[in-house]
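*Asks:* Here it is, the structure, as structure tokens.
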Amino acid sequence: MLEITNLRDGAVLDRNFGTETADYLEIKVQGIADPQAEVKVNGETACRHDRNFCATVKLTKKINEITVVADSYFGKEALTITVAWDKNSYKRYNFFFDDCSFFLRSLALNRPASIFDEMFLGRLKQIHDKYGSFFTLNLFFHDDHHDFAISDMPEDYKAEFQANSDWLRMSFHAHSEFPDRPYQHADAKKLAADYDEVYNEVCRFAGKECFIAPMVIHWSMTNPENFSVLKARGTNCLAAGYLGSIAHIGEAHAIQVTDIGFHYEKDVACYICDKHIFYDRYHDLFLLNSISCCNYDDVDVLEEKFAKLADDPRDTVNIMSHEQYSYPDYFNYIPNHLDRVETACRLATEAGYKPAWFSNGILGNTAWDK
219 MLEITNLRDG AVLDRNFGTE TADYLEIKVQ GIADPQAEVK VNGETACRHD
269 RNFCATVKLT KKINEITVVA DSYFGKEALT ITVAWDKNSY KRYNFFFDDC
319 SFFLRSLALN RPASIFDEMF LGRLKQIHDK YGSFFTLNLF FHDDHHDFAI
369 SDMPEDYKAE FQANSDWLRM SFHAHSEFPD RPYQHADAKK LAADYDEVYN
419 EVCRFAGKEC FIAPMVIHWS MTNPENFSVL KARGTNCLAA GYLGSIAHIG
469 EAHAIQVTDI GFHYEKDVAC YICDKHIFYD RYHDLFLLNS ISCCNYDDVD
519 VLEEKFAKLA DDPRDTVNIM SHEQYSYPDY FNYIPNHLDR VETACRLATE
569 AGYKPAWFSN GILGNTAWDK
């Protein structure tokens, strides 16, 4: 009998979980073991009370192992978990739009003087100017609604995209919207080809600095053996729903089913839905979910969700939506969609969160890279 009860393998810990200095994060490790056993945690003798044990551990690295050894006349048991230290963590938020292609078609067809004369990009610029928000636009290569491909996007706006790459970037999402779940059973070759197709086009019409590694691919689903394709191209975190299964947009979620989450087991999915962030040591990836999807959540729901953060010590908040709901010619157009987006950015700012690129460092915190 040996169990750590206050931590689990994959926990991501920051200043909210212990005492942080420049050199370490000191945390408590609690658990249960046979009452007769001597318990050591990372080599130090733990305090005992009946079956319970407690010890302090200093995390000194980005990725740390905590080993508990229980030694008795019945034998020696050992348990090792891996946890991450989010050093010098701070409150930060990320915002991405999935399924993007409409704004590029609008630019290509209408050729405005500035990219911010385009409705969608213009509103994002207004929100950025108010709140400093960063936005990632996850692209389809082909727009199935209008038979437009991003290869048709002219290079006329390259300099303007580059000039705004400090807050506006693009990423890969899929070749196209349909069929649904395009990478659920696809092999690595297919995923790599589609990714590189989008990457090359963004570099052509906007510049390399305007591309950022994706946190999500279409339907948040591919076989874990394909993670190497994404990691080789810079991905270090994956966002998804993890719990809740739907076959198409508009269908009611089956909440207790593990789905739309890269094939992770239910115990991991449940943990992410509770703690919001998880470190997968097998693939060296950080996993997270989103506080809101703005095309689902209206203003009142957004306000309720952000109000709950007052009692939540989390430092990282991911917000998402889908671009097409902003456009009147989309069959599911939401007239106040971009008002919802602005509300989410305002609420995040008022709650003390700063914009960050979660694709960098540990969800936007690059303290370990310095």
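Numbering (our numbering), first residue to last: 219 to 588.
Glycine included, each C-beta is placed from N, C-alpha and C at the ideal position.
#1: Following the continuous alpha helix (DSSP H) through Leu346, name the residue where it begins and the one where it ends.
#2: Starting from Ser539, follow its DSSP beta bridges and name the residues at the other end.
#3: Mind pulling the alpha helix (DSSP H) runs of 4 or more residues that sit fully within the stretch 277 to 335?
#4: Rounded to the nearest angstrom, what separates Thr567 and Tyr308 at their Cα positions?
#5: So what's Thr561 in DSSP terms, helix, strand or just coil?
#6: Apart from the five residues just before and just after Trp575, which ones in its own chain have a Cβ nearer than 8 Å to its Cβ?
#7: Where DSSP assigns a beta bridge to Tyr497, which residues make up the other side?
#8: Check whether the stretch 337 to 350 touches the stretch 298 to 307, counting contact only when three or more Cβ pairs, one atom from each stretch, lie closer than 8 Å.
#9: Roughly how many whole angstroms lie between the Cα atoms of Thr440 and His481?
#10: Which of the three DSSP states is assigned to Leu225 in this structure?
#11: Residue range of the beta strand (DSSP E) that Asn382 falls in?
#12: Would you give the residue range spanned by the alpha helix (DSSP H) that Cys421 belongs to?
#13: Let me know if Asp232 comes out buried or exposed under the rule of 16 or more other beta-carbons within 10 Å of its beta-carbon.
#14: Between Leu277 and Val301, how many whole angstroms is the CB-CB distance? I'm expecting something under 8 Å.
#15: Determine the direct distance from the alpha carbon of Ala377 to that of Trp586, and round the result to whole angstroms.
#16: According to the neighbour-count rule (16 or more other Cβ atoms, all chains shown, within 10 Å of its Cβ), is His436 buried or exposed?
#17: Where does the unbroken beta strand (DSSP E) through Lys258 begin, and where does it stop?
#18: Mapping DSSP to helix, strand and coil, what is Asp492?
#19: Given that a residue counts as buried once 16 or more other Cβ atoms are within 10 Å of its Cβ, and exposed if not, what is Gln254?
#20: Going straight from the alpha carbon of Phe423 to that of Glu415, what length do you get?
#21: Quick one: what's got a C-beta closer than 7 Å to Asp547's C-beta in the same chain, skipping five residues either side?
#22: Where does Asp361 fall in DSSP's three states?
*Replies:* Let me lay it out:
#1: Contrary to the premise, residue 346 reads as His rather than Leu in this sequence. Unbroken alpha helix (DSSP H) run through His346: 337 to 349.
#2: Paired residue(s): Phe315.
#3: Entirely contained in the stretch 277 to 335, the alpha helix (DSSP H) runs reaching 4 residues are, in chain order, 320 to 328.
#4: The alpha-carbon separation between Thr567 and Tyr308 amounts to approximately 13 Å.
#5: DSSP places Thr561 in helix when its eight states are reduced to three.
#6: Cβ within range, chain order: Asn312, Phe352, Thr354, Arg387, Ile430, Gly582.
#7: Paired residues: Phe504.
#8: The stretch 337 to 350 is not in contact with the stretch 298 to 307.
#9: Taking the CA atoms as reference points, Thr440 sits about 7 Å from His481.
#10: In the structure shown, Leu225 sits in coil (DSSP, three-state: anything other than H, G, I, E or B).
#11: Asn382 -> no beta strand (DSSP E), and no H or E assigned at all.
#12: Under the DSSP assignment, Cys421 falls in the alpha helix (DSSP H) whose first and last residues are 406 to 423.
#13: Burial call: buried.
#14: With a Cβ gap of about 7 Å, Leu277 and Val301 count as contacting.
#15: Their Cα atoms are separated by approximately 32 Å.
#16: Taking all protein chains shown into account, His436 has 16 or more neighbouring C-beta atoms within 10 Å of its C-beta and is therefore buried.
#17: Residues 256 to 259.
#18: Note: Asp492 maps to helix in three-state DSSP.
#19: Burial call: exposed.
#20: Phe423 and Glu415: Cα-Cα distance of roughly 13 Å.
#21: Beyond the five residues adjoining it in sequence on each side, Asp547 comes within less than 7 Å, by CB distance, of no other residue in the same chain.
#22: Collapsing the DSSP output to three states places Asp361 in a strand.
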